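Take a look at the structure set out below.
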Amino acid sequence: MEIDGIVSAIVIGVVIGVLGRLVVPGRQRIGVVWTILVGIVAALVGSWVASAFDVADTDGVDWVEWLIQIGLAAVGVAALDRPRSRPGR
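Numbering-wise, my numbering comes out as the position in the sequence shown, counting from 1, plus 2.
Dropping the structure here:
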């Protein structure tokens with residue numbers, strides 16, 4: 003992967019991560035770095051899933067691929083935001 007591919011993956015990861023956070027209701031207690039990491043992973047996995055279902059390359063904007071990626075980011079954000087149980091409470 004070249005440097006421009008890494009930069010574009012980070013930019014797309016930021017966008018997907020932020021959109022994933024917006025989908026999850028309430029306040030999330032995860033940091034910006036985790037949001038970006040979740041977004042990058044969701045973008046990569048979402049692209050793979052969209053390719054597997056043959057909806058990745060369509061004419062115009064790939065709305066189905068974006069929805070898959072955002073949905074995966076929302077699941078990732080929600081999973082990382084789960085309440086942490088405290089001992090003794």
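Here a beta-carbon is modelled for each residue, glycine too, at the ideal position from N, C-alpha and C.
Since this is a predicted model, take the numbers as computed values, not measurements.
Problem set entry | Given I70 as reference, the closest of I42, G33 and S49 once Cα atoms are compared | S49
Exercise. Going by other Cβ atoms of all chains shown within 10 Å of its Cβ, with 16 needed for buried, is I102 buried or exposed?
Worked result: This structure cannot settle anything about residue 102, because the visible part of the chain is limited to 3 through 91.
Exercise. Apart from the five residues on each side of it in sequence, which residues of its chain come closer than 7 Å, Cβ to Cβ, to V23?
Worked result: Checking the sequence, you will find Arg at residue 23 rather than Val. If we look at R23 and ignore the five residues flanking it on each side, its Cβ neighbours are Q30, T37 and V79.
Exercise. Shortest alpha-carbon distance to A11 belongs to which of V77, P27 and A44?
Worked result: A44
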